[in-house]
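Notes follow once the structure below has been shown.
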Amino acid sequence: MFLKLILIIIYAVSIDYSFTELVHPYATITTIIALCLLNINYRIIYCYSVIILGFIASIYLPLQILYGTPNIGMIISLAYTTLDEAHEFITNIPIIYVLLAILLLSYSIFIATLKLNYATSIHTKRILLGFIVLMLISILLCIKFNKRFIFSPFLYFSENMYKTTASAYQEQKRIQQLTSKPDTWDDVDIKDNGYDTYILVIGESVRRDFIHALGFKINNTPFMDDSNGVLYQNYFSAGPNTPISLLHSLAAIGRDGPIVNNNIISLANKANIYSYWISNQGSLGLSDTPIAALGHYAKEHVFLRKGDFEFGHSKDSDMLPYIESALASNHAKKLIVVHLIGSHPDFCARTDGHFESFFMSKSVSCYVQSIKNTDLLLKKIVDLANTSKSKWRMIYMPDHGLRFISKNTPIATLAHSDQYVEDYNVPFFMTSYDAKKHVVNRKYYTGINFLSLFVNWTGVSIKSVNRNLCNPLMGSCSFDSMYAYDINDQEFNLRVLYND
Ligand SMILES: [Zn+2]
């Protein structure tokens, strides 16, 4: 009896870990009591419950270890994930976590066969009834006082899933509605700042500490090492994954979130800067990811990965011909946005399994190589821009970082997450045809204010910029709190997060 009870307790702790990471450990008591009461009174219900809960917990276990309990960022990225990315995501889960999930499922089946040696009686049935009533009252009280279901890990998990999915859905609808609307930029003007071509290269999943030009030990950034321009060491992306980060960088931010129709492309269009969006990331049509929707604002847009079902192997370098022809076009001013697949997991799929130097594990070595490939691509873009004889400026900005999994082991890899500084700290590089020196800027900046930088970078002036750049989370919205950095007689305003 005692041993069986211990086994059930181990099961309850395991599934509750998968559901809530045991942030409220005492709540596991309710799981244990429920299981014991069902085992004694209704064996069939007990068996089904144990197997169903064990099944859900096993499926979620690898995600819990990798990403924690469900949150809106996770659901939003899931909603916008293409099959291609989903395939890479699944193959990127370390095998050890898959084995743990199988172990939990097998253990659940074993626990379902256990029978506690305690006779059913009218008393045990009454205790079960009392327990159910207590749970129902707790649920009702939680709903009434708007509290979380922390008394039961499974209910807490289900509630989390439901609420995050509902708010992600609402946010998606809000964004879709906005993208069907014209922009509301008003009083847009542009002054000549000596440049005619603005190249914005948006990278993917690059951690700052993996950049040789900013201290990483393997030389994977020969271009950024030697190029003139400003390399920002403490730039933090506006979010931990592509949709959240880019929406909060490339669009104006209002009280309810990004005002998607007021974005850098619609602003460029209004300022008579001819816009191109060249992407090696997915587009499924008009109602697809909000980032692809931004791309559709461009006068000309190209998406190399068109559909959900294309397990495409398009390389970032496949975009070079499109970039070249955009550079060759004769518009007085132009903005060329290049959206890379860059270092998106699975890294070895990015590099065809190739890497020049081994670092920590095969996966991390491919990651290091993918950054080198991006650095080389930047060099090629700059070469094309120089050949085009344009007066160009370029920004390279990864959308977010990643965090380590199983660091310093042969199975080490990196994955999206939102809890670590490395998820946000990315390199940020600004250069131009006339940049005179190589500068490393160590001050702190946030991608949330990218739009204010964009305005200064392109020479666009707009009356509503103060209001639209306002982010209630960041406190004051006035330009007084901006930091002006002077390079090559041009002023770049980025808001200071902290003073160093
Ligand atoms: Zn991303």
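Mind the numbering: the sequence shown is residues 1 to 500 in the numbering used here, read in order. Ideal Cβ positions, reconstructed from N, Cα and C, are used throughout, including at glycine. Quick caveat, the model's predicted, so the values are computed rather than measured.
Residues in its own chain within less than 6 angstroms of Glu422 by CB, not counting five upstream and five downstream? Sequence index remark: in the sequence shown, residue 422 carries index 422 (1-based). Closer than 6 angstroms at the Cβ level, and outside the excluded window around Glu422, lie Arg207, Gly401 and Arg403.
State the Cα-Cα distance for the pair Ile253 and Asn449, rounded to the nearest angstrom. Along the sequence shown, one-based indexing puts residue 253 at 253. Along the sequence shown, one-based indexing puts residue 449 at 449. Roughly 9 angstroms between the two C-alpha positions.
Any heavy atom of ligand 1 inside 7 angstroms of the beta-carbon of Thr446? Against the sequence shown, residue 446 aligns to sequence position 446. False, no ligand heavy atom lies under 7 angstroms from that Cβ.
Using a Cβ-Cβ cutoff of less than 8 angstroms, which residues in the same chain neighbour Lys147 once the five nearest sequence positions on both sides are dropped? On the sequence shown, position 147 is the one that residue 147 refers to. Within the same chain, and ignoring the five residues on either side of Lys147 in sequence, the residues whose Cβ sits closer than 8 angstroms to its Cβ are Leu141.
Of all residues in the structure, which have a C-beta closer than 7 angstroms to any heavy atom of ligand 1, taken in chain order? Sorted by position in the chain, Glu204, Ser205, Asn241, Thr242, Ser245, His344, Asp399 and His400 make up the residues whose C-beta lies under 7 angstroms from a heavy atom of ligand 1.
Per-residue burial, Asn262 [other beta carbons within 10 Å of its own, 16 or more giving buried]: As a first step, residue 262 must be located in the sequence shown, where it is residue number 262. Answer is buried; the Cβ neighbour count reaches 16.
Below 8 angstroms, how does it come out for the stretch 407-419 and the stretch 354-364: are there three or more Cβ pairs, yes or no? Flag = yes, the stretch 407-419 and the stretch 354-364 touch.
Nearest by alpha-carbon distance to Lys4: which of Leu114, Leu340, Gly447 and Phe454 is it? Within the sequence shown, numbered from 1, the residue matching residue 4 stands at position 4. Out of Leu114, Leu340, Gly447 and Phe454, Leu114 has the C-alpha closest to the C-alpha of Lys4.
State the beta-bridge partners of His339 as determined by DSSP. Taking the first residue of the sequence shown as 1, we reach residue 339 at position 339. Residue pairing by DSSP puts His339 in a beta bridge opposite Ile202 and Ser279.
Using a 10 Å radius around the Cβ and a threshold of 16 neighbouring Cβ atoms, would you call Lys25 buried or exposed? Here residue 25 is taken as the residue at index 25 of the sequence shown, counted from 1. Note that residue 25 is Pro in the sequence shown here, rather than Lys. Exposed, since its Cβ has fewer than 16 Cβ neighbours within 10 Å.
Contact defined as beta carbons within less than 8 angstroms: I believe Leu250 pairs with Phe429. What is the distance between those atoms, to the nearest angstrom? Residue 250 sits at position 250 when you count from the first residue of the sequence shown. Residue 429 sits at position 429 when you count from the first residue of the sequence shown. Not a contact, Cβ separation roughly 17 angstroms.
Assuming Lys237 and Val368 are in contact, meaning their beta carbons sit under 8 angstroms apart, how far apart are those beta carbons, in whole angstroms? Counted from its first residue, the sequence shown places residue 237 at position 237. Counted from its first residue, the sequence shown places residue 368 at position 368. According to the sequence provided, residue 237 is Ser. The question's Lys does not apply to it. With a Cβ gap of about 20 angstroms, Ser237 and Val368 do not count as contacting.
Note down, in chain order, each residue of its chain lying with its Cβ closer than 6 angstroms to the Cβ of Ile336, except the 5 sequence neighbours on either side. Position 336 of the sequence shown, counted from the first residue, corresponds to residue 336. The residues are Ile199, Tyr276 and Ala326.
Do you know offhand how far Cys470's Cα is from Gln177's? Within the sequence shown, numbered from 1, the residue matching residue 470 stands at position 470. Within the sequence shown, numbered from 1, the residue matching residue 177 stands at position 177. With a pLDDT of 40 at Cys470, under the threshold of 50, the predicted position of this residue should be treated as unreliable, and no value is reported.
Per DSSP, Phe404 is paired with what? Start at 1 with the first residue of the sequence shown, and residue 404 comes out as number 404. In the DSSP assignment, Phe404 forms a beta bridge with Leu414.
Just to confirm my understanding: we take Gly215, look at its own chain, exclude 5 residues before and 5 after, and list those with CB closer than 8 angstroms. What are they? The sequence position of residue 215 within the sequence shown is 215, counting from 1. So the qualifying residues of the chain are Asp209.
Taking all protein chains shown into account, do 16 or more other C-beta atoms lie within 10 angstroms of the C-beta of Asn272, making it buried, or fewer, making it exposed? For the purposes of this step, residue 272 is taken as residue 272 along the sequence shown, with counting starting at 1. Exposed: under 16 other Cβ atoms inside 10 Å.
Going by Cα to Cα distance, which pick from Tyr445, Ile109 and Thr387 is closest to Tyr48? Taking the first residue of the sequence shown as 1, we reach residue 48 at position 48. Considering only Tyr445, Ile109 and Thr387, the residue with the shortest C-alpha distance to Tyr48 is Ile109.
Could you check where the alpha helix (DSSP H) with Thr113 kicks off and where it finishes? Your numbering for residue 113 matches position 113 in the sequence shown. Premise fails: Thr113 is in no alpha helix (DSSP H) and is neither H nor E.
Starting from Arg148, trace the beta strand (DSSP E) both ways and give me its first and last residue. The count along the sequence shown starts at 1 and reaches residue 148 at position 148. From DSSP, Arg148 is part of no beta strand (DSSP E); its letter is neither H nor E.
With 16 other Cβ atoms within 10 Å as the buried cut-off, status of Pro290: Counting from one through the sequence shown, the residue named residue 290 turns up at place 290. Buried: at least 16 other Cβ atoms inside 10 Å.
Sort His212, Ile52 and Thr197 by Cα distance to Thr431 and report the nearest one. Position 431 of the sequence shown, counted from the start, is the residue given in the question as residue 431. Distances from the alpha-carbon of Thr431 to those of His212, Ile52 and Thr197 put Thr197 closest.
From Ile9 to Ile150, what distance separates their C-alpha atoms? Position 9 of the sequence shown holds residue 9. Position 150 of the sequence shown holds residue 150. Between Ile9 and Ile150, the alpha-carbon positions lie close to 18 angstroms from each other.
I need the DSSP call for Val421, collapsed to helix, strand or coil. Here residue 421 corresponds to residue number 421 of the sequence shown, with the count starting at 1. Correct three-state label for Val421: helix.
Just to confirm, are Lys436 and Asn228 a CB contact at a threshold of 8 angstroms? On the sequence shown, residue 436 is found 436 positions in, with the first residue counted as 1. On the sequence shown, residue 228 is found 228 positions in, with the first residue counted as 1. Taking a C-beta distance under 8 angstroms as the contact criterion, Lys436 and Asn228 qualify as a contact pair.
Taking the straight line between their C-alpha atoms, what separation do you get for Met397 and Leu246? Counting from 1 along the sequence shown, the entry for residue 397 is found at position 397. Counting from 1 along the sequence shown, the entry for residue 246 is found at position 246. Approximately 10 angstroms, taken between the alpha carbons.
Report yes or no: do the stretch 314-322 and the stretch 176-195 share at least 3 C-beta pairs separated by less than 8 angstroms? Verdict: no, contact absent.
Please report the straight-line C-alpha distance between Lys125 and Tyr42, rounded to a whole angstrom. Against the sequence shown, residue 125 aligns to sequence position 125. Against the sequence shown, residue 42 aligns to sequence position 42. Near 9 angstroms, if we compare the C-alpha coordinates of Tyr42 and Lys125.
Quickly, what does DSSP pair Pro398 with across the bridge? List them, please. Position 398 of the sequence shown, counting from 1, holds the residue named residue 398. Per DSSP, Gly203.
Which of helix, strand or coil does DSSP assign to Thr409? In the sequence shown, the residue the question calls residue 409 occupies position 409. In the structure shown, Thr409 sits in coil (DSSP, three-state: anything other than H, G, I, E or B).
Counting pairs of Cβ atoms below 8 angstroms between the stretch 57-65 and the stretch 14-22, do you hit three or more? Short answer: they touch.
N- and C-terminal bounds of the beta strand (DSSP E) containing Asp189: Here residue 189 refers to the residue found at position 189 when the sequence shown is read from its first residue. For Asp189, the uninterrupted beta strand (DSSP E) segment begins and ends at Val188 to Ile190.
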